[in-house]
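Below you'll find the structure, written out as structure tokens, and then a few comments.
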Amino acid sequence: MKRCIKNQERISVVTCYLVSHSSVFRDRLTDNNSEVCVTDITPAVFKLILIYVYGGKLPAMDQGTIAQLALAACVYNIQPLVTKASRMIVPKSAEDVFPALVCAANGHCPNLDSHVIKIVQRDTKAVISSDQFLGLDANCLEYICRQDKLSVTELELWRALVHWANKKAVSQNEKTPRQHLQTILPYIRLNTFSSEEIGREVILTKILTADEIMKLITAVTNNEPWELLGICSIREKRELPDLTQDVVSKPSADDLTNEKVAKISHIYDVTTNITKPEGGGSKSLSNFTINTAEKPVEIQTFHLETNPIEALGNQPVYDLKCTITVSKIEGGFCK
10 MKRCIKNQER ISVVTCYLVS HSSVFRDRLT DNNSEVCVTD ITPAVFKLIL
60 IYVYGGKLPA MDQGTIAQLA LAACVYNIQP LVTKASRMIV PKSAEDVFPA
110 LVCAANGHCP NLDSHVIKIV QRDTKAVISS DQFLGLDANC LEYICRQDKL
160 SVTELELWRA LVHWANKKAV SQNEKTPRQH LQTILPYIRL NTFSSEEIGR
210 EVILTKILTA DEIMKLITAV TNNEPWELLG ICSIREKREL PDLTQDVVSK
260 PSADDLTNEK VAKISHIYDV TTNITKPEGG GSKSLSNFTI NTAEKPVEIQ
310 TFHLETNPIE ALGNQPVYDL KCTITVSKIE GGFCK
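Residue numbers 10 to 344, in the working numbering, belong to the letters of the sequence shown in order.
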């Protein structure tokens, strides 16, 4: 047994389970250590990790906790848990994108990136206007500002960022608004502003120094490139995203017969007992459920044709040809 400490809370663990799931814990939980100090996750999240590695069922959690769990799994290199937690917070709109955005910006959650990027690009105004935007960290804002396509003007983005920085400077007063924006400024395209916008929107914020303001105005007025350490020099405006596409694409009914879609579909293990037709021939079954690795899937019809092609001991192997219509998937669309 080892004991892990976080905020002076000692949590006993079974070492073999942790080291079998996490290469990070494998390196830290050596035979010479009786205690390991874990300082980058909360006790509550660490206990969730233990539930997972012990093979238990994770409890119901809010989206924020799931995001913390996914990030902790990233830090400790428990990739199956990263995938499992990420799938629980796949966003569908600007209202529920923030937990996934936190994960995408602060960890390696590749299955979330495409969903987050589409929503951030398509619904930028809704994202930056949300109260939840003000609670994001600098990494999340940098993630947004790195996008080549956004559906707001650079001026709207700048205003939202300044508002965020001023709020942060109040709640975390050890830093100035400029310091809160320091890692984000390299991705804000101030060079696309007009001289009037610079005078009206940038100078008054006191984010930039007087020298930076003068160089920016000179570059904009003379239509010249500029290079200033820590400030974005891109002169082209961001492109607008294609708003005709759905945020999250879903296969159409026609796609079910598409060869390409079929090739990338999952293969499900049918756990339901299916009796083979007497004397060969065929048999149709209906209204039963098969269990998959992710969700139970209710099958409306399942047509089975038997044709023994070989035998393994006393167990014949059959060539199955079937047409499956999915009438219901509990918990959402199955990918």
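Note that beta-carbon positions come from the ideal geometry of N, C-alpha and C, so glycine has one too.
- For the 8 Å CB-CB criterion, Cys149 and Ala114 form a contact.
- Judged by DSSP secondary structure, Val179 falls within the alpha helix (DSSP H) whose first and last residues are 163–180.
- Scanning Ala69, Val62, Arg19 for the CA closest to the CA of Phe34 turns up Val62.
- Only exposed fits Asn231, as fewer than 16 other CB atoms lie within 10 angstroms of its CB.
- Here the stretch 89–97 makes no contact with the stretch 122–141; the two share fewer than three CB pairs at distances below 8 Å.
- A contact between stretches requires three or more CB pairs, one per stretch, nearer than 8 Å, and the stretch 94–113 fails this requirement with the stretch 217–230.
- Taking the C-beta atoms as reference points, Ile75 is found no nearer than 8 Å to Pro52.
- Ser21 carries a strand assignment under DSSP once its states are collapsed to helix, strand and coil.
- The three-state reading of DSSP puts Leu237 in strand, counting E and B together.
- Within 10 angstroms of the beta-carbon of Arg155 lie fewer than 16 other beta-carbons, which makes it exposed.
- For Val54, the enclosing alpha helix (DSSP H) stretches over residues 52–62.
- Judged by DSSP secondary structure, Glu44 falls within the beta strand (DSSP E) whose first and last residues are 44–46.
- A direct Cα-Cα distance of roughly 9 Å separates Thr218 from Ile212.
- Around the beta-carbon of Cys25, fewer than 16 other beta-carbon atoms lie within 10 Å, marking it exposed.
- Straight-line measurement puts the Cα of Tyr85 at about 9 Å from the Cα of His30.
- Rounded to whole angstroms, the separation of the alpha carbons of Arg96 and Asn120 is 8 Å.
- A Cβ-Cβ separation of about 16 Å leaves Glu248 out of contact with Asp132 under the 8 Å criterion.
- Taking each of Ala147, Thr48, Ser139 in turn and checking the Cα distance to Ser102, the smallest one comes out for Ser139.
- Comparing alpha carbon positions, the residue from Ile193, Ala69, Ile240, Gln72 closest to Asp146 is Ile193.
- Boundaries of the alpha helix (DSSP H) around Tyr152: 147–154.
- Comparing alpha-carbon positions, the option among Ser242, Ala135, Gln77 lying closest to Leu57 turns out to be Gln77.
- In this model, Gly73 and Asp122 are separated by some 17 Å (Cα to Cα).
- Per DSSP, reduced to three states, the secondary structure at Glu205 is helical.
- In the structure shown, the three-state DSSP call for Glu104 is coil.
- Between the C-alpha atoms of Thr39 and Val179 there is a straight-line separation of about 43 Å.
- Counting only residues of its own chain and dropping the five nearest sequence neighbours on each side, Lys66 has no CB closer than 6 Å to any other CB.
- Around the beta carbon of Cys112, a 10 Å sphere encloses 16 or more other beta carbons of the protein chains shown; the residue is thus reported as buried.
- Counting every other CB atom within 10 Å of its CB across the protein chains shown gives Ile60 a total below 16, marking it as exposed.
- If you look at Lys127, you'll find it in the alpha helix (DSSP H) that goes 119–131.
- Looking from the CA of Ile87, the closest CA among Thr162, Leu27, Ala135, Pro250 belongs to Leu27.
- In the same chain as Glu233, and ignoring 5 residues on each side of it, the C-beta atoms closer than 8 Å to its own belong to Thr227, in chain order.
- Annotation: the continuous alpha helix (DSSP H) that includes Gln88 extends over 88–96.
- Judged by DSSP in its simplified three-state form, Lys134 adopts helix.
- About 5 Å separates the beta carbons of Pro195 and Cys241, which is inside the 8 Å limit, making them a contact pair.
- In this structure, Leu166 sits near Leu159, with a CB-CB distance shorter than 8 Å.
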